[in-house]
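Student:
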Amino acid sequence: MTISRRNFVKISGAAMALPLMGSSAFAQVEKIKIGFIYVGSINDNGYNYAHNQGRLYVEEKLGDKVETVFVENVPEGPDCERVIRELAQQGCNLIFATSFGFGDSLVKVAPQFPDVAFEHATGYMSGPNIGLYNARFYEGRAVCGTIAGHLSVTGKAGYIGSFPIPEVVMGINALALSGRRINPAFTVKPVYISTWNDPAKEADAARAMIDQGIDIIAQHTDGPAALQVAAERGIVGGFGQGADMSAFAPETQLTAIIDHWGPHYLASAEAVLAGTWAPGNTWEGLKEDVVQMGPYNAKVPADVVADAEKIKAGQIDGSFHIFTGPINDNTGAERVAAGVTMTDAELLSMDWYVEGVEQPA
Amino acid sequence: MDLMLAILITVVGASTPILIAALGELVVERSGVLNLGVEGMMLIGAIAGFVVQFHTGNSYLALLAGAGAGVCASLIFGFLTLSLSANQTATGLALTIFGTGFSALAGSSYSARPVTLMRPLFPAEFAASPFTKVLFGYSFPVYFAFIMVAAIWYFLHRTRAGLILRAVGENDQSAHSIGYSVIGVRYMAVMFGGAMAGIAGACFPLLLTPQWAERMTAGRGWIAVALVVFASWKPFRLLAGAYLFGLVMTMELYAKAGGGPLSVIPSELWAALPYLATVAVLVLISIRRDASTNAPACLGKPFLPSN
Numbered sequence: 009m010t011i012s013r014r015n016f017v018k019i020s021g022a023a024m025a026l027p028l029m030g031s032s033a034f035a036q037v038e039k040i041k042i043g044f045i046y047v048g049s050i051n052d053n054g055y056n057y058a059h060n061q062g063r064l065y066v067e068e069k070l071g072d073k074v075e076t077v078f079v080e081n082v083p084e085g086p087d088c089e090r091v092i093r094e095l096a097q098q099g100c101n102l103i104f105a106t107s108f109g110f111g112d113s114l115v116k117v118a119p120q121f122p123d124v125a126f127e128h129a130t131g132y133m134s135g136p137n138i139g140l141y142n143a144r145f146y147e148g149r150a151v152c153g154t155i156a157g158h159l160s161v162t163g164k165a166g167y168i169g170s171f172p173i174p175e176v177v178m179g180i181n182a183l184a185l186s187g188r189r190i191n192p193a194f195t196v197k198p199v200y201i202s203t204w205n206d207p208a209k210e211a212d213a214a215r216a217m218i219d220q221g222i223d224i225i226a227q228h229t230d231g232p233a234a235l236q237v238a239a240e241r242g243i244v245g246g247f248g249q250g251a252d253m254s255a256f257a258p259e260t261q262l263t264a265i266i267d268h269w270g271p272h273y274l275a276s277a278e279a280v281l282a283g284t285w286a287p288g289n290t291w292e293g294l295k296e297d298v299v300q301m302g303p304y305n306a307k308v309p310a311d312v313v314a315d316a317e318k319i320k321a322g323q324i325d326g327s328f329h330i331f332t333g334p335i336n337d338n339t340g341a342e343r344v345a346a347g348v349t350m351t352d353a354e355l356l357s358m359d360w361y362v363e364g365v366e367q368p369a
Numbered sequence: 004m005d006l007m008l009a010i011l012i013t014v015v016g017a018s019t020p021i022l023i024a025a026l027g028e029l030v031v032e033r034s035g036v037l038n039l040g041v042e043g044m045m046l047i048g049a050i051a052g053f054v055v056q057f058h059t060g061n062s063y064l065a066l067l068a069g070a071g072a073g074v075c076a077s078l079i080f081g082f083l084t085l086s087l088s089a090n091q092t093a094t095g096l097a098l099t100i101f102g103t104g105f106s107a108l109a110g111s112s113y114s115a116r117p118v119t120l121m122r123p124l125f126p127a128e129f130a131a132s133p134f135t136k137v138l139f140g141y142s143f144p145v146y147f148a149f150i151m152v153a154a155i156w157y158f159l160h161r162t163r164a165g166l167i168l169r170a171v172g173e174n175d176q177s178a179h180s181i182g183y184s185v186i187g188v189r190y191m192a193v194m195f196g197g198a199m200a201g202i203a204g205a206c207f208p209l210l211l212t213p214q215w216a217e218r219m220t221a222g223r224g225w226i227a228v229a230l231v232v233f234a235s236w237k238p239f240r241l242l243a244g245a246y247l248f249g250l251v252m253t254m255e256l257y258a259k260a261g262g263g264p265l266s267v268i269p270s271e272l273w274a275a276l277p278y279l280a281t282v283a284v285l286v287l288i289s290i291r292r293d294a295s296t297n298a299p300a301c302l303g304k305p306f307l308p309s310n
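Chains as they are written, first to last, in our numbering: chain B, 9 to 369; chain H, 4 to 310.
1) Would you check if there are 3 or more beta carbon pairs closer than 8 angstroms linking the region 256–272 of chain B to the region 306–324 of chain B?
2) Got a sec: does the ligand FAD put a non-hydrogen atom nearer than 8 angstroms to the Cβ of K209 of chain B?
3) With H, G and I counted as helix, E and B as strand and the rest as coil, what does DSSP make of G246 of chain B?
4) For the alpha helix (DSSP H) holding K320 of chain B, just list the boundary residues, first then last.
5) Strictly below 7 angstroms CB to CB, what residues from chain H border R215 of chain B?
6) Using a Cβ-Cβ cut-off of 9 angstroms, state whether T217 of chain H counts as contacting chain B.
7) Which word fits S77 of chain H, buried or exposed, when buried means at least 16 other C-beta atoms lie within 10 angstroms of its C-beta?
8) For R90 of chain B, name the three-state secondary structure that DSSP assigns.
9) Quick one: list the residues of chain B neighbouring S114 of chain H, beta-carbon separation under 9 angstroms, in chain order.
10) Residues of the region 153–180 of chain B in Cβ contact with chain H at a cutoff of 8 angstroms, in chain order, please.
11) Going by DSSP in three states, H128 of chain B sits in which element: helix, strand or coil?
12) Please determine, among B:L355, B:V365 and B:I138, the residue with the shortest C-alpha to C-alpha distance to A286 of chain B.
13) Using a Cβ-Cβ cut-off of 9 angstroms, state whether A257 of chain B counts as contacting chain H.
14) Based on the DSSP secondary-structure assignment, which residues constitute the bridge partners of M301 of chain B?
15) Can you say whether M29 of chain B is buried or exposed, counting buried as having 16 or more other CB atoms within 10 angstroms of its CB?
16) Does the Cβ-Cβ distance between W204 of chain B and Y55 of chain B come in under 9 angstroms?
17) Roughly how many whole angstroms lie between the Cα atoms of T106 of chain B and D219 of chain B?
18) Kindly indicate if chain H contains any beta-carbon less than 9 angstroms away from that of N81 of chain B.
19) Just list the residues that DSSP pairs T290 of chain B with in beta bridges.
20) Would you list, in sequence order, the uninterrupted alpha helix (DSSP H) runs of no fewer than 4 residues that lie entirely inside the region 254–302 of chain H?
21) Please state whether DSSP places R163 of chain H in a helix, a strand or coil.
22) With a threshold of 16 other CB atoms inside 10 Å of the CB of Q227 of chain B, please say whether the residue is buried or exposed.
23) Just to confirm, is the Cβ distance from G71 of chain H to M45 of chain H under 9 angstroms?
24) Quick one: measure Cβ to Cβ for Y167 of chain B and I180 of chain B, integer angstroms, because I've assumed they're closer than 8 angstroms.
25) For a contact meaning CB atoms closer than 8 angstroms, what does K116 of chain B contact in chain H?
26) Inspect the beta-carbon positions of V118 of chain H and P213 of chain H and report whether they are closer than 9 angstroms.
27) Alpha carbons only, please: which of B:A118, B:V124, B:E147 and B:F328 is nearest the one belonging to M133 of chain B?
28) Rounding to the nearest angstrom, what Cα-Cα distance links L287 of chain H and A274 of chain H in this structure?
29) Buried or exposed: which applies to M194 of chain H, given that a residue is buried once 16 or more other Cβ atoms fall within 10 Å of its Cβ?
30) Let me see if you follow: with CB-CB separation under 9 angstroms, is W214 of chain H close to chain B or not?
31) Given that a residue counts as buried once 16 or more other Cβ atoms are within 10 Å of its Cβ, and exposed if not, what is F331 of chain B?
32) Would you mind giving the Cβ-Cβ distance between T94 of chain H and L85 of chain H, rounded to the nearest angstrom? I have them listed as a contact below 8 angstroms.
33) In the region 257–281 of chain H, which residues sit with their C-beta less than 7 angstroms from some C-beta in chain B, listed in chain order?
34) With three or more beta-carbon pairs closer than 8 angstroms as the criterion, would you say the region 51–71 of chain H touches the region 28–39 of chain H?
35) Between V124 of chain B and the rest of its own chain, which residues show a CB-CB distance below 8 angstroms, the 5 nearest in sequence each way excluded?
36) Between A143 of chain B and E292 of chain B, how many whole angstroms is the CB-CB distance? I'm expecting something under 8 angstroms.
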């Protein structure tokens, strides 16, 4: 059954006229077309690659019931509006805008297509047909930090960040907090490089930090360049980001944080198929399998793996939260009292560093 | 001391591709042609070099492939601007956009495929101590860049062919009227610029990050173009300029990563230095009016013979 836009207006109008039924404005469909918009290339081996894997996951699970299209390398600006509009006009029932910077375009275009479901990754502006979704990457950082705390000889980790936004600050803090649970002298040095994807600059930042005494490297940029430098210099190790990067540094990647968007995309697609989709605001992590850990390197000792697995299990069953007090900031002032866990809202606006993080220059 | 040497090694790595690409553009501009497609040619050279390195493991072949791919890309530009007299600025920009897209397409099946870095030119014994490592620890393109600085200076200022090339760049009508092929000379220059940009691009997977990533040159082609002006079209100034830019780009990161003496100059200032230096150089150039700006008089103008 296909629904023309005119009929759809009638149906949704009827649905809106009957608010007591509690139904959404979205009708059931038999076949769904999903559009994906990526800010980078699907071949970046990181963030955008992971979103595309999610797309393939939906295709595999839903088979004939789904058709997907994607547009990559979409700049975060006016051009994005055009892409969203085009996808909606092509007949997509569901559109995922997978980068933070697409938000402004999305809130502009979405009202023009009330019969299309939109979802925005890592954003904050929702609407009658705009849902939000995000992943708790910091849970993965807590597992990485546990390994770093155990293995680092110098007790210093370097962290290559893109921009000092809460998403990145949160990850740096999670790494420092978990590392210091193991080694109270553990410190993290953040270096911001003001780009998501400049492999040569990522590599030089890694060199700069390694030359100055760090022996663990973590990053919140899109590619594996820093891990390759870590391998070249033979430091203790580093962590993959977004996807398993062990192909680039088999001896060096200790584990990886893998973005696994598939289950979320599948759930949204099924909701649209069933006519039950409603704009949500999900922030899922290890428990929901949206964040996964990569394989542990063979050189990580068994007791360290066991400790890392304990942190992972604790976050899955809810008994452990890395942002539970007491937490001091890096000036020594107490920010979170003992036993108190930071709320999601506090995490999503985090703009301070915990004790053990050197203030970025 | 060891840190200083380590920084120096990183600086050399960051400066080399910029220097090589800028040297090519310098020769192109001296012939009176402005090719803004350096970034695009670098990306095409990068993917060509990567593919050859991946399949053969022979880094010299990879550099050659990068050069060859750069020449092919530059010929598109040459045909449009020299044979068809298209606008050089617009064509150069188009070449950059084309190179970005084409390299992404050609490289789409080469993600998640690391390669090995190019081996140092000298045997490991030469680079055993930190001091000798600073001198002898690099692979071929680093030394190639230095040799080319001298070679291009010699070519431009001490050979007849170089004189003809400069004549074509300064006054194409006169060169034409005494019988030189302006278009022919410019084709040669554009192809040379393409080869150098291609080699510079190939340096990214071979020297800096042994992988293919879309847009991996990340704007360094534009720095190369700017450097030619910065160096007022002189090879040795270009050498100084490229290493100055490499130094500040690197020091910004070392200052961010380190404490102690390195952070005496804040990283923000390091990041701003290239632009301050550019302003300073441009002011200095315009003060010395007698030497003029040294810009080739026919730069960017299509050649249409008057007779």
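Even glycine gets a Cβ: it sits at the ideal position worked out from N, Cα and C.
Tutor: Reading it off the structure:
1) yes
2) For the structure depicted, the ligand FAD is absent and the ligand set is empty, with no information on it obtainable.
3) What you label residue 246 of chain B is simply residue 238 of the first sequence in a count that begins at 1. Residue state, collapsed to three classes: strand.
4) One-based indexing of the first sequence puts residue 320 of chain B at position 312. It spans A310 to D325 - the alpha helix (DSSP H) in which K320 of chain B sits, taken as one unbroken run.
5) One-based indexing of the first sequence puts residue 215 of chain B at position 207. Per Cβ cutoff of 7 angstroms: T13.
6) The sequence position of residue 217 of chain H within the second sequence is 214, counting from 1. The sequence as given places Glu at residue 217 of chain H; Thr does not occur at that position. Cβ-Cβ to chain B under 9 angstroms: yes for E217 of chain H.
7) One-based indexing of the second sequence puts residue 77 of chain H at position 74. Per the 10 Å Cβ criterion, buried.
8) Along the first sequence, one-based indexing puts residue 90 of chain B at 82. Looking at R90 of chain B - three-state DSSP - the assignment turns out to be helix.
9) Taking the first residue of the second sequence as 1, we reach residue 114 of chain H at position 111. Going along chain B in sequence order, the residues near S114 of chain H (Cβ under 9 angstroms) are S49, I50, N51, D52, N53 and Y57.
10) G166
11) The residue given as residue 128 of chain B occupies position 120 in the first sequence. Reduced to three states, the DSSP call for H128 of chain B is strand.
12) Residue mapping note: residue 286 of chain B aligns to position 278 of the first sequence, counting from 1. When only C-alpha atoms are compared, the closest one is B:I138.
13) Taking the first sequence and counting its residues from 1, one reaches residue 257 of chain B at position 249. For A257 of chain B, the answer is yes, since a Cβ of chain H falls inside 9 angstroms of its Cβ.
14) Locating residue 301 of chain B in the first sequence gives position 293, where the first residue counts as 1. Answer by DSSP bridge pairing, in chain order: B:I265.
15) Counted from its first residue, the first sequence places residue 29 of chain B at position 21. With a pLDDT of only 39 at M29 of chain B, under the threshold of 50, the placement of this residue in the model should not be trusted; the figure read from the coordinates follows. Exposed, because fewer than 16 other Cβ atoms sit within 10 Å of the Cβ of M29 of chain B.
16) Numbered from its first residue, the first sequence carries residue 204 of chain B at position 196. Numbered from its first residue, the first sequence carries residue 55 of chain B at position 47. It is a contact, given that the beta carbons lie within the stated cut-off.
17) Taking the first sequence and counting its residues from 1, one reaches residue 106 of chain B at position 98. Taking the first sequence and counting its residues from 1, one reaches residue 219 of chain B at position 211. Taking the straight line joining both Cα atoms gives about 36 angstroms.
18) Here residue 81 of chain B corresponds to residue number 73 of the first sequence, with the count starting at 1. True, the Cβ-Cβ gap to chain H drops below 9 angstroms.
19) Here residue 290 of chain B refers to the residue found at position 282 when the first sequence is read from its first residue. Paired residues: B:Y141.
20) 270–290
21) Walking along the second sequence from the start, residue 163 of chain H turns up at place 160. In this structure, R163 of chain H counts as helix in the three-state DSSP scheme.
22) To locate residue 227 of chain B, count along the first sequence from 1; it is residue 219. By the 10 Å Cβ count, Q227 of chain B comes out buried.
23) By 1-based counting over the second sequence, the position of residue 71 of chain H is 68. By 1-based counting over the second sequence, the position of residue 45 of chain H is 42. Cβ distance not < 9 angstroms, so G71 of chain H and M45 of chain H don't count as in contact.
24) Here residue 167 of chain B is taken as the residue at index 159 of the first sequence, counted from 1. Here residue 180 of chain B is taken as the residue at index 172 of the first sequence, counted from 1. About 5 angstroms separates the two Cβ atoms, so the contact holds.
25) Counted from its first residue, the first sequence places residue 116 of chain B at position 108. Those do not exist, as K116 of chain B stays about 26 angstroms from chain H at its closest Cβ, beyond 8 angstroms.
26) Walking along the second sequence from the start, residue 118 of chain H turns up at place 115. Walking along the second sequence from the start, residue 213 of chain H turns up at place 210. In contact: V118 of chain H and P213 of chain H (Cβ atoms closer than 9 angstroms).
27) Within the first sequence, numbered from 1, the residue matching residue 133 of chain B stands at position 125. Here the closest residue by C-alpha is B:A118.
28) Along the second sequence, one-based indexing puts residue 287 of chain H at 284. Along the second sequence, one-based indexing puts residue 274 of chain H at 271. Whole-angstrom Cα-Cα distance: 21 angstroms.
29) As a working note, residue 194 of chain H is residue 191 in the second sequence. M194 of chain H should be labelled buried.
30) Residue numbering aside, residue 214 of chain H sits at position 211 when the second sequence is read from its first letter. Note that residue 214 of chain H corresponds to Gln in the displayed sequence, not to Trp. It does: the Cβ of Q214 of chain H has a partner Cβ on chain B nearer than 9 angstroms.
31) Start at 1 with the first residue of the first sequence, and residue 331 of chain B comes out as number 323. Result: buried.
32) Counting from one through the second sequence, the residue named residue 94 of chain H turns up at place 91. Counting from one through the second sequence, the residue named residue 85 of chain H turns up at place 82. At roughly 10 angstroms, the Cβ-Cβ gap does not stay under 8 angstroms, so T94 of chain H and L85 of chain H are not in contact.
33) Y257, A258, K259, A260, G261, S266, P269 and S270
34) no
35) Counting from 1 along the first sequence, the entry for residue 124 of chain B is found at position 116. Hits under 8 angstroms: A96, C100, N101, L102, I103, A118 and N137.
36) As a first step, residue 143 of chain B must be located in the first sequence, where it is residue number 135. As a first step, residue 292 of chain B must be located in the first sequence, where it is residue number 284. Indeed they touch by this definition, with Cβ atoms about 6 angstroms apart.
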